[in-house]
Amino acid sequence: MLRYFIEFSYNGKNYFGYQIQPNDISVQEELERALSTILQEKIKTTGAGRTDTGVHAKKMFAHFETDQVLSDQLTHKLNSFLPADISIKRIFEVKNDFHARFDATFRTYEYYISLEKDPFTQDSAWQHWRRPLDINKMNDACKILFEYEDFTSFAKLHTDNKTNLCKMYKAEWEQNGTELKFTVSANRFLRNMVRAIVGTMVDVGSGKIQPEDIRQVIENKNRNSAGTSAPAHALFLVDVGYEF
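Every position in the sequence shown, counted from 1, becomes a number in this note's numbering once 871 is added.
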């Protein structure tokens, strides 16, 4: 069997996350349906991770196996078959033991907040214009994240995580005009982790808590200690790293 990697992107608005769900439409389901139809065999994919309902991906990877030598035209055929909100970037062969999930060295997400009411970013940014946010305090809070590896307080409750340890590589807010962008990168992320961190950082920026309070939030190892999860529609998976 030959193993292939797919690089693709999607707008998550119409999907209940990346991973296949029993009764809801998912990106993985659409991808596998298209591959199976075109290759005329049952194709199962393994993604680099999962994204929650409504979350987008600018760069996502998955692998699948087949005994067929794939044509260079497969990318074009898939894009013609798939809905407009899923785009295949490239398909390439890898070693038989190379794994989309376990061989990923980092994941990077971006989260967008609009500081003014903007009708053109309703589906891509959190419209947080009613209360000002102090980006300097939010970045002070971000620096504290690097002191820890156990992020239980930012993890969705009642999941099957074997460990809540993550190594943080980057966490930073920047402002461009009336838009804030949060970039966060780590070796792995827990379910709902980025949105929980954003919600907590907004609590810092709005003065509800102070930057140094983040230490107690993390050390409590309790989801109820952190802020409310930020809306999903403003979150984008933007990169997954591999050593091909």
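Note that CB positions come from ideal geometry on N, CA and C, so glycine has one too.
8 Å contact criterion, which residue i and residue j should meet: CB distance rounded
i, j, result
"N1063", "A1026", "7 Å"
"Y980", "V1109", "7 Å"
"T976", "N1058", "7 Å"
"S985", "T1049", "6 Å"
"K930", "S880", "6 Å"
"M1039", "L1016", "5 Å"
8 Å Cβ cutoff met for residue i and residue j
i, j, result
"S1096", "S1024", "yes"
"N882", "D956", "yes"
"I959", "N950", "yes"
"G918", "Y886", "no"
"E1006", "G1076", "This sequence places Ile at residue 1006; Glu is not what is there. Against a cut-off of 8 Å, the Cβ pair of G1076 and I1006 comes out as a contact."
"F876", "A971", "yes"
"N1010", "F1022", "no"
"F932", "E1018", "no"
"Y983", "A1067", "no"
"R921", "V1111", "no"
"F952", "R874", "no"
"V926", "A1103", "yes"
"E900", "I914", "no"
"L910", "T946", "no"
As assigned by DSSP and simplified to three states, the class of residue i
i, result
"H947", "helix"
"A1057", "strand"
"N1047", "strand"
"T1071", "helix"
"R843", "Since the displayed the chain opens at 872 and closes at 1115, residue 843 lies outside it and no answer follows."
"V940", "coil"
"T917", "strand"
"A1042", "strand"
"R972", "coil"
"F1025", "helix"
"F991", "coil"
"R874", "strand"
"R978", "strand"
Where the beta strand (DSSP E) containing residue i begins and where it ends
i, result
"V1088", "First-last for V1088: D1084 to N1091, but that is the alpha helix (DSSP H), not the beta strand (DSSP E)."
"T937", "H927 to T937"
"Y1113", "First-last for Y1113: undefined, no H or E at that position."
The alpha helix (DSSP H) enclosing residue i, as first and last residue numbers
i, result
"T908", "V898 to L910"
"M1009", "I1006 to L1016"
Residues bridged to residue i (per DSSP)
i, result
"S880", "S958"
"Q998", "S985"
"V965", "R874"
"L1036", "D1021"
"K1116", "Here the chain has residues from 872 to 1115 only, and residue 1116 is not among them."
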